[in-house]
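For reference, the structure is listed below as structure tokens.
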Ligand SMILES: [Zn+2]
Ligand SMILES: [Zn+2]
């Protein structure tokens, strides 16, 4: 049996991917909470009085609130997934994950698998990528397209249909060029919408059918035992995105 | 030898959606001890109906699946080389999530 590197008295329960240190449960909780707290404070994620909705999910599953442009707070962005899951398991918090093969965003699974493989070789890979992402900035003279929501699945997009829906539709129709092709194709795809089998749409219908990006809807995850918990009685100012 | 297996975080979807499995492992033909590596192969052959590649990869679990042995991270317990004892409890948690 291995002793905890921090208190040196209790039995170690897990090895932290971040530091390689073997910690007991209590010391791991303390270290984990301190670090998430540090991220929240140093990045000013919240201000006193803010209403916060917690959603342990990603993507469109937690799009909620007014105007569709809620700030996504990511207090766990520097936290290793292993630690988030271990924390949830030890604390007996509900945790569920699945690769929904029917989700319009399921192609992300490939990228995740790739990242997991990288992580096996070098544990800091993901943190390194996040760091690089944060170092990117857009030149001031560049105008960004306005952000709206996909008319089919409700996910954020800069055009009517998000890339995932365009890609999926293209693959379903044997026209993969749609995904990388010209606007013309996307327009033709929208014209095709009326004949699309509605059962192929996996997003909840309450949000997928709306074409108005200013209308409001709460999209819950399509996965039944989802841990997504969204406060909808009040308008939250932030959505905490665990992943 | 009897051991208990728990699949969670979505990993249970690979084993009939059932989280807990109490299993009895047969003695090995060569008389050697069961290791976690052997257990993974047994799970693949006996519990998983389809897409075993979502669970095992070579001699180990697929990256992104966490393993606990008697409540402790298997990385602290020899990982796939750990030798099983009667009554051991194994937990497999998927950290791969969709959309
Ligand atoms: Zn300790
Ligand atoms: Zn879409």
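Protein chains in written order, with full-length UniProt numbering: chain A, 1 to 243; chain F, 1 to 99.
Glycine included, every Cβ here is placed at the ideal spot set by N, Cα and C.
Residue 69 of chain F does not reach chain A, its nearest Cβ partner there being about 11 Å away, counting only Cβ pairs nearer than 8 Å. Contact of residue 117 of chain A with chain F is assigned, a C-beta pair being separated by under 7 Å.
Approximately 4 Å separates the beta-carbon atoms of residue 84 of chain F and residue 34 of chain F; this is inside 8 Å, confirming the contact. No residue range can be given for residue 158 of chain A, since it is assigned to no beta strand (DSSP E) and is classified by DSSP as neither H nor E. Taking a beta-carbon distance threshold of 7 Å, residue 73 of chain F counts as an interface residue toward chain A. For residue 89 of chain F, the secondary structure class from DSSP, reduced to helix, strand or coil, is strand. When only Cα atoms are considered, residue 27 of chain A and residue 33 of chain A end up about 10 Å apart. A distance criterion of 6 Å places the beta-carbon of residue 6 of chain A in contact range of ligand 1, judged by its closest non-hydrogen atom. In terms of beta-carbon proximity, residue 80 of chain A stays away from the interface with chain F, with every pair separated by 7 Å or more.
Residue 30 of chain F counts as exposed, since fewer than 16 other beta carbons sit within 10 angstroms of its beta carbon. In this structure residue 11 of chain F is in contact with residue 92 of chain F, their Cβ atoms being roughly 5 Å apart against a cut-off of 8 Å. Residue 2 of chain A sits close to residue 12 of chain A, with the two beta carbons spaced by under 7 Å.
Three or more beta-carbon pairs separated by less than 8 Å are not found between the region 13-25 of chain F and the region 57-73 of chain F, which leaves the two stretches without contact. For the pair residue 38 of chain F and residue 136 of chain A, the Cα-to-Cα distance works out to about 46 Å. The criterion of a C-beta distance shorter than 7 Å is not satisfied by residue 3 of chain F and residue 78 of chain F. In this structure, residue 150 of chain A lies near residue 161 of chain A, with their beta-carbon atoms less than 7 Å apart. Within the region 30-43 of chain A, contact with chain F at the beta-carbon level (separation under 8 Å) is assigned to no residue.
Excluding its 5 nearest sequence neighbours in each direction, residue 95 of chain F has C-beta neighbours in its own chain below 8 Å: 9, 64, 65 and 66, listed in chain order. Residue pairing for residue 11 of chain A: DSSP places it in a beta bridge opposite A:3. The three-state secondary structure of residue 43 of chain A, taken from DSSP, is coil.
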